[in-house]
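Only one structure is covered here, and it is reproduced in the block below.
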Amino acid sequence: MGETLAFHLDQNPLTLQIKANLDQLATLTVDEIEVICGDDITDTSIKRTFNEIKVKTYLDTFELYDNHLITGLPDYIFHDVSFKTMNVFNVKTLTMVGENAFASSVNTTTSLRISSCSLKSSEFLFKAISQLVRLTSVDLSDNQLEEIKDNAFGSNQHLLTMVLLDRNRLKTLVNGSQYNPIRIYVKLNQIAQIGDQAFAGLNRPVTLDLSFNNLTQLTANTFAHMLSYEPSKIIIKGNHVNCVCGLQWVYVNSTIRPKMSGPLRCDDKRYFSSLNDIDFKNCTNDHAKSTAPVTEAQGYCRATTESRANRRTDRPGVCQRS
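Put into structure tokens, the structure is as follows:
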């Protein structure tokens, strides 16, 4: 089993020794190096600590959790120290992330988690995230985000496969807000509207979880392209959608119909699976039109977590889905 070296940053004098040790990281022979911040450190202290490290340094993990003093992650907070994984959990006072907060890690970070915090503003947050070109998963669940900006994820983030935005306050998904992930979780929000081009940039199979939102319409213009890839699917339970005529484009397409996972309950309290031809007899042909081509594509995503014997077993890890 590989050796993990953990530095705990706090407000006591030991921090001075940590700074000295971090300056000598190049001489250490260990498999993983973690920096763990607890409940009694401030964002000013973190920035000061990393600014005093005199060498450009690559570390494995930055963890910050159960803290009630930090209000933001400002620009260049890590100075020249970069991380592979960043995990921020249960920092209820954290409301903002600077546009250049992760500037030192743009070519190294593969997993980012900022969950169970109080993030509200999305403008600088997504500018910061879009710079992480090696990112494979991002977890922003359980915050207070109300919107995702246009083209929130960069066109150069080809490795990004999973986006978690569950339990926020999202009301809309705008055009180009999701670029290329193959698993998108936005359940337990307040989404009532999705732009026609919200998923236009997707070019591979995707699983989209829209459960427990306020959706009443699922249009072909928005979803047909995405569902043309195999084995894409939409999880739609907990919404009350206009099924009769509104989902005729799904009903008449035997390829797309199985991709609506639910169970999908209609606005008239019936289940979509119980509808038959008679229910759609008065619909116009326009409701059945879907111009998106059906293509063959394959893809999968599997993410796992593993624990190490020398870690606290109750410490939260990076949230993963499989």
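Our numbering applies: residue 95 is where the sequence shown begins, and numbers increase by one.
By construction, the Cβ of each residue, glycine as well, lies at the ideal position given by its N, Cα and C atoms.
If you're wondering where the values come from, they're calculated on a predicted model, not measured in any experiment.
Please return the same chain residues whose Cβ sits closer than 6 Å to the Cβ of residue i, not counting the five positions on each side in sequence.
i, result
"VAL257", "VAL232, PRO275 and ILE278"
"THR385", "At THR385 the pLDDT is 39, less than 50, meaning the model places this residue with poor confidence; the figure from the coordinates comes in the next sentence. No residues qualify anywhere along the chain."
"LYS281", "ASP260, ASP303, SER305 and PHE306"
"GLY332", "SER305 and PHE306"
"ASN297", "none"
"THR266", "GLN287"
"LYS133", "Reading the sequence as shown, one finds Asp at residue 133 and not Lys. Once the five neighbours on either side are set aside, the close Cβ partners of ASP133 are ASP160 and ASN161."
"THR301", "ARG277 and LYS327"
"PHE317", "none"
"ASN262", "ASN237, LEU239 and ASN283"
"SER235", "SER209, LEU258, ASP260 and ARG261"
"GLY356", "ILE330 and LYS331"
"ASN308", "GLN284 and ALA286"
Please report the distance separating the alpha-carbon of residue i from that of residue j.
i, j, result
"LYS327", "LEU254", "18 Å"
"VAL335", "SER176", "45 Å"
"SER322", "ASN245", "22 Å"
"ASP260", "THR151", "33 Å"
"PHE293", "ASN315", "10 Å"
"ALA286", "ILE127", "44 Å"
"CYS131", "VAL185", "11 Å"
"VAL129", "PHE156", "5 Å"
"ASN376", "ILE330", "25 Å"
"ARG351", "SER215", "37 Å"
"HIS162", "SER210", "12 Å"
"THR98", "PHE220", "For THR98, the predicted model reports a pLDDT of 47, less than 50, meaning its position is unreliable; a value from the coordinates is still stated below. Answer to the nearest angstrom: the Cα atoms are 31 Å apart."
"THR310", "ARG364", "14 Å"
"PRO325", "LEU358", "19 Å"
"ASP160", "GLU146", "25 Å"
"SER212", "ASN237", "5 Å"
"GLY295", "GLU241", "19 Å"
"THR179", "ASP154", "6 Å"
"ASP362", "CYS337", "8 Å"
"LEU158", "ASN283", "25 Å"
"GLY248", "ASP371", "43 Å"
"GLY340", "THR313", "7 Å"
"GLN291", "LEU264", "17 Å"
"LEU239", "PHE183", "16 Å"
"THR378", "GLY289", "23 Å"
"ILE135", "PRO168", "15 Å"
"PHE218", "GLN225", "11 Å"
"GLN342", "THR349", "13 Å"
"SER367", "ILE164", "49 Å"
"CYS360", "VAL149", "60 Å"
"ASN181", "PRO299", "27 Å"
In its own chain, which residues sit with a C-beta less than 7 Å from the C-beta of residue i, not counting the 5 before and 5 after it?
i, result
"VAL227", "VAL200, ASN201, ASN250 and GLN251"
"GLN111", "Confidence at GLN111 is low in this model, with a pLDDT of 42, below 50, so the placement of that residue should be treated as unreliable; the coordinate-derived value is given next. Closer than 7 Å at Cβ, skipping near neighbours: no residue."
"TYR345", "ARG351, LEU369 and PHE374"
"LYS353", "LEU321, SER326, LYS327 and ILE328"
"HIS173", "PHE144, ASN145, ILE147 and SER198"
"VAL268", "ILE242, ASP244, GLY289 and ALA292"
Name the DSSP bridge partner or partners of residue i?
i, result
"ILE288", "LEU267"
"THR179", "THR155 and SER205"
"ASP233", "ARG207 and LEU258"
"SER355", "ILE329"
"ILE223", "ILE223 is not bridged to any residue."
"VAL338", "Beta-bridge pairing links VAL338 to no other residue."
"VAL191", "LEU167"
"CYS360", "VAL335"
Leaving out five residues before and five after residue i in sequence, what residues of the same chain have Cβ atoms less than 8 Å from its Cβ?
i, result
"ILE171", "ASP137, ILE140, LYS141, PHE144, GLY192 and ALA195"
"LEU229", "THR203, THR204, SER205, LEU206, ILE223, GLN251, LEU253 and LEU254"
"GLY166", "ASP137, LEU188, THR189, MET190, VAL191 and GLY192"
The alpha helix (DSSP H) with residue i in it runs from where to where?
i, result
"THR316", "314-321"
"ASP137", "137-145"
"TYR345", "342-345"
Between which two residues does the beta strand (DSSP E) carrying residue i extend?
i, result
"LEU253", "First-last for LEU253: undefined, no H or E at that position."
"ARG277", "277-279"
"LEU302", "301-303"
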